[in-house]
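Just so you know, the protein sequences line up as chains G and V, in that order.
Heads up: the first sequence at position 177 corresponds to 176 in numbering that gives the first Met the number 0, and the numbers run straight through without jumps.
Heads up: the second sequence at position 150 corresponds to 149 in numbering that gives the first Met the number 0, and the numbers run straight through without jumps.
Idealized CB from N, CA, C, for every residue including glycine.
These figures come from a predicted structure and were not determined experimentally.
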Amino acid sequence: MDVPKVSERRRWLLGLGVTLVAVALLAVAAAFGGTNRTTSAAATQAKAKGGYGEVYKADPKVLAHTLFNAKLLPPAGMSRNIALAAFGRASKKVNYNLALKCWKNDGCTTGTKGKLTVAYVEPFGENVYRHISKMEFILQALTYPSIGKIIYRTAHSNLNQALADFRAMIAQHVSAIVTYPDFADAELPVFKEAKKAGIPVATYAWGYVSGPGQNYTTVVGENVCKLGRAYAKIMNTYVKSGDIAFMGGFPGNPLSAGWQKCEQPALNKSIHVVANEPTNWDASKVQQVVSGILAAHPNIKGWSYEYGLGMAQGAFAAYKAAGKPFNAVLTLRTDDVGMGCAAKKLHNPKLKVYYYTAGNSQIRVALTALMMRLKGAKIPPKIVFPIQLQNEAKRTECVKGYPTEASATSLVPLSLLHRMYP
Amino acid sequence: MSAHGRTEGVVLHEGRGLRSLLADALVGARFVPVWLATGALLLIAAIIAPAALQSTSWAFVLPYMTVLAIAALGQMLVIMHAGIDLSTPGVMFLGGYLIVGVGHHSNGRLGIAILACLGVGVLVGLVNGILVGILQLNPLIVTLSVGYIVAAEGLRYANGLAEAEVPSRLSDFAQNRPLGISAVFWTGAAITLAVAFLLRYTAPGRRFQAVGANPRAAWMAGIHVRAHVVFAYTAAGTLYALAAVLLAGVRVSVDPAFGASYLLAPIAAVVIAGASLAGGLASATSTWVAALALTLLNQMLLILGIATGWQFIVFGAAIIVGMLISGDRIASLLGRLLRPRAAPTRIAPALDHESG
Numbered sequence: 000m001d002v003p004k005v006s007e008r009r010r011w012l013l014g015l016g017v018t019l020v021a022v023a024l025l026a027v028a029a030a031f032g033g034t035n036r037t038t039s040a041a042a043t044q045a046k047a048k049g050g051y052g053e054v055y056k057a058d059p060k061v062l063a064h065t066l067f068n069a070k071l072l073p074p075a076g077m078s079r080n081i082a083l084a085a086f087g088r089a090s091k092k093v094n095y096n097l098a099l100k101c102w103k104n105d106g107c108t109t110g111t112k113g114k115l116t117v118a119y120v121e122p123f124g125e126n127v128y129r130h131i132s133k134m135e136f137i138l139q140a141l142t143y144p145s146i147g148k149i150i151y152r153t154a155h156s157n158l159n160q161a162l163a164d165f166r167a168m169i170a171q172h173v174s175a176i177v178t179y180p181d182f183a184d185a186e187l188p189v190f191k192e193a194k195k196a197g198i199p200v201a202t203y204a205w206g207y208v209s210g211p212g213q214n215y216t217t218v219v220g221e222n223v224c225k226l227g228r229a230y231a232k233i234m235n236t237y238v239k240s241g242d243i244a245f246m247g248g249f250p251g252n253p254l255s256a257g258w259q260k261c262e263q264p265a266l267n268k269s270i271h272v273v274a275n276e277p278t279n280w281d282a283s284k285v286q287q288v289v290s291g292i293l294a295a296h297p298n299i300k301g302w303s304y305e306y307g308l309g310m311a312q313g314a315f316a317a318y319k320a321a322g323k324p325f326n327a328v329l330t331l332r333t334d335d336v337g338m339g340c341a342a343k344k345l346h347n348p349k350l351k352v353y354y355y356t357a358g359n360s361q362i363r364v365a366l367t368a369l370m371m372r373l374k375g376a377k378i379p380p381k382i383v384f385p386i387q388l389q390n391e392a393k394r395t396e397c398v399k400g401y402p403t404e405a406s407a408t409s410l411v412p413l414s415l416l417h418r419m420y421p
Numbered sequence: 000m001s002a003h004g005r006t007e008g009v010v011l012h013e014g015r016g017l018r019s020l021l022a023d024a025l026v027g028a029r030f031v032p033v034w035l036a037t038g039a040l041l042l043i044a045a046i047i048a049p050a051a052l053q054s055t056s057w058a059f060v061l062p063y064m065t066v067l068a069i070a071a072l073g074q075m076l077v078i079m080h081a082g083i084d085l086s087t088p089g090v091m092f093l094g095g096y097l098i099v100g101v102g103h104h105s106n107g108r109l110g111i112a113i114l115a116c117l118g119v120g121v122l123v124g125l126v127n128g129i130l131v132g133i134l135q136l137n138p139l140i141v142t143l144s145v146g147y148i149v150a151a152e153g154l155r156y157a158n159g160l161a162e163a164e165v166p167s168r169l170s171d172f173a174q175n176r177p178l179g180i181s182a183v184f185w186t187g188a189a190i191t192l193a194v195a196f197l198l199r200y201t202a203p204g205r206r207f208q209a210v211g212a213n214p215r216a217a218w219m220a221g222i223h224v225r226a227h228v229v230f231a232y233t234a235a236g237t238l239y240a241l242a243a244v245l246l247a248g249v250r251v252s253v254d255p256a257f258g259a260s261y262l263l264a265p266i267a268a269v270v271i272a273g274a275s276l277a278g279g280l281a282s283a284t285s286t287w288v289a290a291l292a293l294t295l296l297n298q299m300l301l302i303l304g305i306a307t308g309w310q311f312i313v314f315g316a317a318i319i320v321g322m323l324i325s326g327d328r329i330a331s332l333l334g335r336l337l338r339p340r341a342a343p344t345r346i347a348p349a350l351d352h353e354s355g
């Protein structure tokens, strides 16, 4: 019969049409609507492996060394990927002789003939912490064959010089700039100029300038408000009630203000903050402040501050000069080796020291974020690491072989540190 | 140099009668206010901030005021010759790092470290002295420039140092408290008395003062004025280095801010103590008292717990008041009040000539 023959052909054609429509729909869905949710398992797997010239994987030992715990990574997503990529590069072999030369000469050509030039602009630059950050930056830069030149500038705490250095980098059309903005929003104009010139800029260790993502590419570090709450938790647990004091850096700096405004309301009502003094992160000033507060409030039970080594150098001397035992709870941001060793030397179980990390290695994350940005990646405005304060009694900062002013969570190899500081 | 400064210098040496009494009054009045102001400050502290006068507070105030006093004594020697020295922070910074670097954690090397530090002070002071005293360059610019160069060298040197702690013998010395008071304080007091004695009771000291009071008259009297200016800067550099040694001991360690706060504070101490920036007479003991007053005031404001901004305002205002009532102004006022009664001095034509 002819009719059944016609129906069969129609069915065949209908089936073909349905298949084609389905394929077309799938193609449209893949192209538009479902890039995030409907990507296949295979695509997800590919993304987890890496992208933008990076591999999102790091040695757990490296992570544990620099973050205290391999799990203390930024939240899942691009932030974590960038951190994994950055710390993954820390395991790559680089030419230490070249790194040392570059560190000593404040910059170098890498010999790769790469077309990119990266700059680390330091408004302060004159302590071991920043010198080690410089080496971390150089080591990270040397893992990129596309980087042909590394530049380092330091302004010795001179704002005008810092702005001039930054502008010089813009004028030289460098590919990317990493900085620790000591002068905070006073540096905003040059950040905006860099953005206008198409140069990505990142800050590290929560060197905060307003408008990350808008005025510059990204800020890497911890949430300072959460740091303040973590401080409060320690104080609530170990001080319970009584007087404590806050100390900060330069008057009005955003880092100190950030944790202080969040620690205060999170404290037990029976804990009183009897003083809040700036120290300019200067050990002499710390000694003066501690001695003054001790004179006015002899029963002070706790101190919250950022600069661990400053605390070791200033407060220990103040207590000693005052002839008082250093029985107090300290919550500090940096994990300077000198602080741990001073506490160890004191052998006082009534001195309880809790610390976070100086975050030298965060500069690696900042540079990697910028390198990914240059390859077209969308970088989150804040790459935020979670906070877990460490107990000096359980995990000492005093690591043998490290310089007093260094942080043992740095990823600069000890052998290289010894060559930096023979 | 101001006219009244030179007048006082000459009047001081004129010798007898009314003018001698006038000179004594002027010299005495010049240095009394800082002692009275410090007494008043102690009284106020006892009333509104008694904690500032407790042993815990003195444990900070005395060593730090000593460091300021030693640096101020150096500045005083320069100011007596109408100069100014802004190389203080640079010398102290490099000197502090030399104590750490040369000392290298070894008590056996402490002596050579201190010598290196003092050597830098002498060298920098000598360079300043030659540039200002011999080549007649502006001291403000010259010493600032030399200070920058020295600080840059200090940074270069510090970059190669991983450790920041001074040899323990130095910090132990600074922590030592003979008779319950810091050894640094006793050291500073001894140095101050020695400087005061040398200036007042020795022939070279008198010559040094004479050059400061009236360089032309001193030159005419056969004194090597330029050599004295060079010596003033050299001695000042040595005292800055000494201040660095003491500060390093007190602080136990050095850092990039080491010595930074000693740029203007020593000058303030010298002026409050009654010296004129135009040169002339100065008192070592009054400078020491001014250093005590400034350090105590700073500590008192901290203990009072007033907001940081207000601390700066009150401290700045106190320095201005200190200058208003400074001995230099009192002496000048007394001079104006008493001078009409005195016979015209022989140096008037010379002054006219100089001012023209």
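Contact annotation for Val251 (chain V) against chain G: Gln312 and Ala316 [CB-CB distance below 7 Å, chain order]. The Cβ of Ala321 (chain G) sits closer than 7 Å to at least one Cβ of chain V. Residues are counted here when their Cβ sits less than 7 Å from a Cβ of chain G; for the segment 46-58 of chain V these are Ala50, Ala51, Gln53, Thr55, Ser56 and Ala58, given in chain order. Any Cβ of chain G closer than 7 Å to the Cβ of Gly304 (chain V) would place that residue at the interface, and such an atom is present. The C-beta of Thr403 (chain G) comes closer than 7 Å to at least one C-beta of chain V. Residues of the same chain with a CB within less than 7 Å of the CB of Phe184 (chain V), apart from the 5 flanking positions on each side, are Leu61, Pro62 and Thr65 in chain order. Closest option to Cys116 (chain V), judged by alpha-carbon separation, among V:Leu263, V:Leu333, V:Ser260 and V:Ala247: V:Ala247.
The way I'd put it, the segment 337-353 of chain G doesn't touch the segment 250-261 of chain G; fewer than three beta-carbon pairs between them come closer than 8 Å. Within chain G, not a single residue places a beta-carbon under 9 Å from that of Ala292 (chain V); the smallest gap is close to 16 Å. Shown here, Cys107 (chain G) sits in a strand according to DSSP, grouped into three states.
Between Leu93 (chain V) and Gly153 (chain V), the CB-CB gap stays under 7 Å. From the listed residues V:Leu291, V:Gln310 and V:Val270, the smallest Cα separation to Ile329 (chain V) is found for V:Val270. Comparing alpha-carbon positions, the option among V:Ser105, V:Ala188 and V:Tyr239 lying closest to Val288 (chain V) turns out to be V:Ala188. The Cβ of Thr87 (chain V) sits no closer than 7 Å to any Cβ of chain G.
At least one CB atom of chain V sits nearer than 7 Å to the CB of Glu125 (chain G). The beta carbon of Asp181 (chain G) does not come within 7 Å of any beta carbon belonging to chain V, so the residue lies off that interface. Within its own chain, the residues whose Cβ lies closer than 7 Å to the Cβ of Phe172 (chain V), once the five positions on either side in sequence are excluded, are Ala182 and Gly248, listed in chain order. Just measuring C-alpha positions, the residue of V:Val229, V:Ser285, V:Leu97 and V:Val131 sitting nearest Ala71 (chain V) is V:Ser285. For Ser283 (chain G), a Cβ of chain V is located within less than 7 Å of the residue's own Cβ. A straight-line Cα-Cα distance of about 34 Å links Met310 (chain G) and Ala39 (chain V). Neighbours of Asn96 (chain G) in chain V, taken as residues whose beta carbon is under 8 Å from its own, are absent, since the nearest beta carbon is some 17 Å off. With respect to the C-alpha of Ala163 (chain G), the residue from G:Pro144, G:Glu186, G:Ile149 and G:Ala368 having the closest C-alpha is G:Glu186. Looking at the DSSP output, Ile150 (chain G) sits in a beta bridge with G:Gly106 and G:Ala118. Residue pairing by DSSP places Val328 (chain G) opposite G:Gly301 and G:Lys351 in a beta bridge.
Closer than 7 Å to the CB of Thr307 (chain V) there is at least one CB belonging to chain G. Annotation: the segment 193-218 of chain G contains the following complete segments of the beta strand (DSSP E) (minimum length 3 residues), in chain order: 200-202. The alpha-carbon of Gly301 (chain G) is positioned some 15 Å away from that of Glu391 (chain G).
Between Tyr239 (chain V) and Asn127 (chain V), the gap from beta carbon to beta carbon reaches 7 Å or more. In this structure, the beta-carbon distance from Met299 (chain V) to Ala58 (chain V) does not fall below 7 Å.
Boundaries of the alpha helix (DSSP H) around Phe86 (chain G): Met77 to Arg88.
Counting along the chain, the unbroken beta strand (DSSP E) around Val272 (chain G) starts and ends at Ile270 to Pro277. Taken through DSSP and simplified to helix, strand or coil, Ser145 (chain G) comes out as coil. Counting along the chain, Lys381 (chain G) sits inside no alpha helix (DSSP H); it lies in the beta strand (DSSP E) bounded by residues Lys381 to Phe384.
Between the beta-carbon of Ala235 (chain V) and that of Val77 (chain V) there is about 5 Å, and that keeps the pair under the 8 Å contact cut. Listed as beta-bridge partners of Thr65 (chain G) by DSSP are no residues whatsoever. By the Cβ-count criterion, Lys399 (chain G) is exposed, with fewer than 16 other Cβ atoms from all chains shown falling within 10 Å of its own Cβ.
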